[in-house]
Amino acid sequence: RVPVIEQKLDKIVMNVAEAVSTQGTSGLDVLRKAPGISIDPSGNILLNGQPAQIWIDNRPSNLSGQDLEAMLSGTDGASIDKIEIISNPSSKYDASGSGGIINIKTKKLFLKGINGSVRVGYDGANYDKYYNGANGTINMNYRGEKTNTFVNYSPRYSEDFGTFYSETKYGNNLLTANTKTESYSRAHSYKIGQDYYLNKKNIFGFIINGMSRSVNDASDPETGSTLFVSGVANEFTKTRMDNGRNNNSISPNVNYTHIFSEGHELTANFDYSYFDLNNTSEQENIYTNAIGQFTRPDVLFRTNSQQYIDIISAKVDYERILLKSVKFEAGAKYAVSNTNNDLLREDFLNSQWTKNNSMSSKFKYKEQVTAGYLSFARQFGKKWSGKAGLRGEYTDASGEWISANTTSNRGYLDLFPTLFTGFTPNKNLRFGLSYTLRIQRPNYFQLNPFRMYIDANSSLEGNPALDPQYTHQLSLSAGYKSFLNVSLVYQLSEGAIIQNPYFNTTTGEKLLKWENFGEQTFA
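Numbering-wise, the sequence shown is residues 33 to 555 according to the working numbering.
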């Protein structure tokens with residue numbers, strides 16, 4: 033029997049196929065049970081408290097936040113074979129991200145003929161009212177002598193709410209803000225794939241993943257902010273917000289594997305991902321005094337954001353056994369991502385919608401990463417093992433903020449060493465020590481200088497001059513049998529990317545702007 037939890041030199045493997053509890057659950061439920069993994073209220077999946085990248089069958093999903101949550105909620109937990117929890121990725125993996133990688137491996141069915149499964153799930157929660165959710169999965173698989181065909185479809189519906197509360201003191205004034213929003217989401221995801229077993233040494237295949245997701249959320253019209261002057265309520269602001277998001281994506285993959293012999297193989301992957309994102313928002317602020325009289329004209333504006341993203345990548349990986357005891361891995365990868373964003377801001381003035389040129393934004397962003405890596409691993413006797421690798425990545429990034437007449441161009445070469453050592457004194461105890469260097473490149477949301485509003489007095493803004501963040505991570509782990517794992521993690525981030533707060537002492541307005549901020553430690 034395979035144990036549910038296996039501690040490898042550079043990762044923890046959770047053998048989900050061996051757990052009966054996965055029957056009737058979703059992929060998100062399975063992840064919640066994995067060691068070190070948590071999910072924050074925004075749907076971000078965290079590994080040891082840091083945002084993690086999610087890979088599916090050794091390939092990046094290119095999804096995050098609520099889109100990723102919707103996809104995993106519609107995944108049948110029984111279709112997952114194992115989850116690899118890689119808190120310190122080796123040189124084989126991309127160096128981006130500080131929270132590590134969670135690689136979800138799905139089952140490969142070897143039963144010939146047609147088989148399938150259907151799963152339906154419902155969840156609900158009672159707060160100020162009852163919120164509903166439903167999801168399901170249909171899996172179909174056909175395996176012949178030399179082919180394997182699989183189709184998956186997963187719908188999901190959910191109702192959620194969120195609250196935002198803040199207090200701001202300046203002089204004798206106090207500004208409180210309390211906003212509640214309700215959200216309704218519908219998502220459809222699908223997966224189609226085909227494997228061709230040309231012979232025992234050559235396998236060719238393709239996979240197409242896709243998702244369509246729409247979200248509508250609105251604020252409670254009775255919520256807003258209150259300005260107190262010397263302890264007396266002076267002005268009330270009611271904020272009405274109606275937001276809509278439509279996300280459509282498709283990600284085809286073509287792959288080829290050549291097996292020279294056991295432990296000696298070459299794999300090649302070509303991936304393309306396309307995202308069509310449309311976000312709309314309408315906001316109205318109404319200002320009154322304590323007796324309901326209007327203190328200033330209403331502010332009404334709306335935005336319409338169109339975003340198109342395409343990502344192309346090609347990579348080759350090679351592995352073999354050298355000198356009978358050394359595992360050698362090498363590979364190369366090229367990836368390019370293009371982002372095209374057009375955001376229109378309109379204000380309602382003189383009974384008509386008028387374009388706000390200063391707050392409308394057009395920008396294009398392109399990032400190219402060329403990478404190569406080497407890795408060596410060896411078992412030293414029965415108790416000691418070690419692994420060392422080096423990855424080099426050259427990044428060429430350019431941004432053109434057309435509305436702000438701003439451009440940025442930067443290219444840089446980085447080397448990322450990885451070191452692992454393991455000690456197993458007996459069959460019940462194991463210890464591990466590792467060091468990795470990671471990079472977090474600013475994304476286009478953090479670079480975009482356009483200002484987005486949370487409420488009438490709070491906003492967010494990007495920064496085109498952001499530099500990458502580098503994180504050194506040292507980890508010491510210990511395990512006892514298959515049920516106890518303890519890790520001590522220390523991280524030192526240089527040029528940490530954070531949201532720096534700014535405050536207008538005259539108006540009480542708050543601004544969070546993305547900036548690099550010295551060093552940051554985490555333990």
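Ideal Cβ positions, reconstructed from N, Cα and C, are used throughout, including at glycine. These figures come from a predicted structure and were not determined experimentally.
Item checked: Helix, strand or coil at Gly109 according to DSSP, with G and I counted as helix -> Under the three-state reduction of DSSP, Gly109 is assigned to helix.
Notebook entry, point to check: So, Ser123 versus Gly131, is the Cβ gap smaller than 9 Å?
Noted result: Cβ distance not < 9 Å, so Ser123 and Gly131 don't count as in contact.
Check: Hey, how far is the Cα of Thr320 from the Cα of Thr538?
Finding: 19 Å
Next item on the list: Answer with buried or exposed for Ala84, where buried requires no fewer than 16 other C-beta atoms within 10 angstroms of its C-beta.
Entry: buried
Margin query: Can you look up Arg64 in the DSSP assignment and give me helix, strand or coil?
Written below: Three-state result, Arg64: helix.
Margin query: Which residue marks the beginning of the beta strand (DSSP E) containing Phe408, and which one marks its end?
Written below: Ser393 to Phe412
Next item on the list: Check Val34 in the structure and name its three-state DSSP category.
Entry: coil
Notebook entry, point to check: Is the Cβ-Cβ distance between Leu445 and Thr453 less than 9 Å?
Noted result: no
Margin query: For Lys459 and Phe193, I'd like the C-alpha separation in whole angstroms.
Written below: 49 Å
Next item on the list: State whether the segment 241–249 contacts the segment 217–224, with contact taken as three or more CB pairs (one from each stretch) at a distance under 8 Å.
Entry: yes
Check: Do Lys419 and Asp155 have their CB atoms nearer than 9 Å?
Finding: no
Check: Do you know offhand how far Ile471's Cα is from Gln501's?
Finding: 6 Å
Margin query: Run through the DSSP bridge pairs and tell me what Gln338 is partnered with.
Written below: Asn310 and Asp374
Next item on the list: Reducing DSSP to helix, strand and coil, say where Gln325 ends up.
Entry: coil
Notebook entry, point to check: Three-state secondary structure (DSSP) at Glu294?
Noted result: coil
Notebook entry, point to check: Using DSSP with H/G/I as helix, E/B as strand and the rest coil, what is Asp192?
Noted result: strand
Check: What do you reckon, are the CB atoms on Arg442 and Ala127 nearer than 9 Å?
Finding: no
Margin query: Quick check: the Cα distance between Gln552 and Asn389, rounded to an integer number of angstroms?
Written below: 38 Å
Note to self: With the cut-off set at 9 Å, would you say Lys347 and Ala300 are in Cβ contact?
What the structure shows: Taking C-beta atoms as the reference points, Lys347 and Ala300 count as a pair closer than 9 Å.
Notebook entry, point to check: So is Gly59 buried or exposed if we call it buried at 16+ other beta carbons inside 10 Å?
Noted result: buried
Checklist line | Ser128 - containing beta strand (DSSP E), residue span | finding: Element bounds for Ser128: n/a, residue is neither H nor E.
Next item on the list: Can you give me the start and stop residues for the beta strand (DSSP E) that Arg470 sits inside?
Entry: Leu461 to Gln472
Margin query: Please report the straight-line C-alpha distance between Tyr522 and Phe554, rounded to a whole angstrom.
Written below: 6 Å
Checklist line | chain C within 9 Å of Asn94, Cβ atoms only | finding: Of the protein chains in the structure, only one exists, and it is not chain C.
Notebook entry, point to check: Would DSSP call Glu557 helix, strand or coil?
Noted result: No answer is possible for residue 557: it lies beyond the span of the chain, which begins at 33 and ends at 555.
Note to self: I need the boundaries of the beta strand (DSSP E) containing Ile561, first residue and last residue.
What the structure shows: Here the chain comprises residues numbered 33 to 555, so residue 561 is not present and cannot be evaluated.
Check: What residues match up with Val264 in a beta bridge as DSSP calls it?
Finding: Assignment of beta-bridge partners to Val264 by DSSP yields Val261.
Next item on the list: Pick helix, strand or coil for Gly540, following the three-state DSSP scheme.
Entry: coil
Next item on the list: Answer yes or no: do Ser407 and Thr450 have a C-beta to C-beta separation smaller than 9 Å?
Entry: yes
Margin query: Let's see if you can read the secondary structure: which residues bound the beta strand (DSSP E) around Gly148?
Written below: Gly145 to Asn158
Next item on the list: Using 10 angstroms around the beta-carbon of Ser251, count the other beta-carbons present and answer buried if the total reaches 16, otherwise exposed.
Entry: buried
Margin query: Just verifying my parser: in three-state terms, what is the DSSP assignment at Glu254?
Written below: coil
Margin query: I'd like to confirm the pairing. Which residues does DSSP put opposite Ala300 in its beta bridges?
Written below: Tyr288 and Val348
Note to self: Give me, in chain order, the residues of the same chain whose beta-carbon lies closer than 6 Å to that of Asn147; leave out the 5 immediate sequence neighbours on both sides.
What the structure shows: Asn173
Margin query: Taking the straight line between their C-alpha atoms, what separation do you get for Pro92 and Ile86?
Written below: The C-alpha of Pro92 lies about 6 Å from the C-alpha of Ile86.
Check: Thr453 lies in the beta strand (DSSP E); which residues open and close that run?
Finding: Thr438 to Phe455
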